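When you read off a place in the sequence shown, starting at 1, and then add 1, the result is the number in the numbering used here.
As structure tokens, the structure follows; a few thoughts come after it.
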Amino acid sequence: MTKPKTQQLHLIQLLRAVAILFVMLGHLNGLLYKRYAQDWFGMGEWGRTGGVDMFFVISGFMIAYLYKHKIGESGQAGIFLQKRITRIIPYYWLTTFGVLSILLIFPYFGEQFSLTYVIQSMFLLSDDPILTVAWSLTHIFFFYFMFTLLLFKPTFGRLTIAAYLTCIVTFYFIDFYPENMLAATLLNVSNLTIWLGAFVAFVLTTSRVKINTIIGGTLTAIGIAAFLFIWSNNTYQFITIEQGTIRPLLYGISSCFLVAGLASIDLYQKTKINKLLHHIGKASFSIFMTHSLFLMLSIVIFIENLKLQQLLGWDITMLTIILLTTIGGLLAYQFVEKPLNKRLNTLLNRRKTNQYPLPANKLLIKVRR
């Protein structure tokens, strides 16, 4: 069976870069507001900029877009899950140890941790992990498990996913919030947000409606307008929006419009983006995982010790920290994540070759070539 060709989605890569910028803006403003009462546009009190919700939608979209044609294929479920675990967990452990080291050296940023808490954080069993952003990985991995079921048993998977998402929506509208951590995690609206991204991919790749730049541009404009409204409302409080559930869902829906619009343009015509932005998009996972570490280091060095804010002012200092944090994430991607993934993939391929050696006739053909 030949693999259907998937077109590169450059504008979605651009959106990854935008998402990580939103995440960094939110976390930096939150840290500085808490410690120094400094932020931009009241972001320190927002609690959420929508960057992580955008990541959720993009993650769901890309998985569905790349693996849709493998649903029901023999052996694909195990391969998919193995790739996802190998891609994320080892690098997550490395970054967690990095943040843990900083917190131990500079207790200014947090308390001493028990061994139990460290182990829970390493295996994504804590609702408040050492690496702050790791809470999102719990939802991502649950999506991976559900998608694995869809790959393995398509009919049963579809029914299970439909029933599960129906439960989330039902409990959402009746304001049911379980106290149990596992139940609360499974019924969190963020899980729905990831699947919304997957549904966007399914619709775009199967719809009979002919997509074009006009449709794509309109959807993108709606997404941008929705984000601007939510951000403005965060600061000026035009209407009351519940922060724990309704606002994340609104961010997710807004992100769906952006993803649908930009992907429509990507699928309709060849697109190009700035090489730096493309690289930031490719490195977005590294930047996402390491930005807390680099933000903390930057605050210690430039604000606590060098007092850079007194020389350059808070605005320039904050821009400098964001720039250096981005550079740190790019370096981590280039010199840690990429080599680590390459090494792990080599080991996995070698193991697969040893388990399933080529037949003699195919090996002979390969040698002759």
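Don't be surprised by glycine CBs; every beta carbon is placed ideally from N, CA and C.
It should be emphasised that the depicted structure is a prediction, and the values quoted were computed from it without experimental measurement.
Item, Value
"Cβ neighbour criterion (16 or more within 10 Å) applied to Arg-209", "exposed"
"Inter-residue spacing [alpha-carbon to alpha-carbon] between Phe-230 and Ala-78", "40 Å"
"For Leu-125 and Ala-135, believed in contact at Cβ under 8 Å, the rounded distance", "6 Å"
"contact_flag[the segment 55-68, the segment 99-108] where n(CB pairs < 8 Å) is 3 or more", "no"
"Cβ neighbour criterion (16 or more within 10 Å) applied to Met-182", "exposed"
"Contact set for Phe-336: own chain, Cβ-Cβ below 6 Å, skip 5 residues either direction", "none"
"Contact belief for Leu-187 with Phe-143 at Cβ below 8 Å, rounded distance in angstroms", "7 Å"
"Start and end residues, alpha helix (DSSP H) containing Gln-39", "Gln-39 -> no alpha helix (DSSP H), and no H or E assigned at all."
"7 Å CB neighbourhood of Thr-371 in its chain, flanking five on each side removed", "Within the shown structure, residues of the chain are numbered from 2 to 370, placing residue 371 beyond reach of any answer."
"Start and end residues, alpha helix (DSSP H) containing Gly-1", "The chain is shown from 2 up to 370; residue 1 falls before or after that span and cannot be answered."
"Sequence-distant residues of its chain with Cβ nearer than 8 Å to Tyr-269 (five each side left out)", "Ile-212, Asn-213, Thr-214, Gly-217"
"DSSP-derived helix/strand/coil call for Ile-254", "helix"
"Neighbour flag for Leu-125 against chain D, beta carbons, 9 Å", "Note that chain D does not occur in the displayed structure, where there is just one protein chain."
"Contact under 9 Å by Cβ, Val-24 with Gly-198", "no"
"Helix, strand or coil at Val-403 [DSSP, three-state]", "Outside the displayed range of the chain (2 to 370) lies residue 403, so it cannot be described from this structure."
"Assigned secondary structure, Asp-316 (DSSP; H/G/I helix, E/B strand, else coil)", "helix"
"Straight-line gap, Thr-161 to His-140 (C-alpha atoms, nearest Å)", "17 Å"
"As assigned by DSSP and simplified to three states, the class of Phe-56", "helix"
"Same chain, Cβ closer than 6 Å to Thr-3, five either side skipped, listed in chain order", "Because Thr-3 carries a pLDDT of 43, less than 50, the predicted location of this residue cannot be relied on, and no value is offered for it."
"Beta carbon of Ile-106 nearer than 9 Å to that of Leu-263", "no"
"Stretch pair the segment 157-177 + the segment 23-41: three plus CB contacts closer than 8 Å", "no"
"His-11 versus Arg-351 - alpha carbon distance", "32 Å"
"Sufficient close CB pairs (3 or more, under 8 Å) joining the segment 220-229 to the segment 239-259", "yes"
"Buried versus exposed, by CB contacts within 10 Å (16 or more), Pro-340", "exposed"
"Whole-angstrom distance between Tyr-178 and Gly-51, CA atom to CA atom", "22 Å"
"Proximity winner among Thr-246, Glu-74, Leu-95, Leu-294, relative to Thr-156 (alpha-carbon distances)", "Glu-74"
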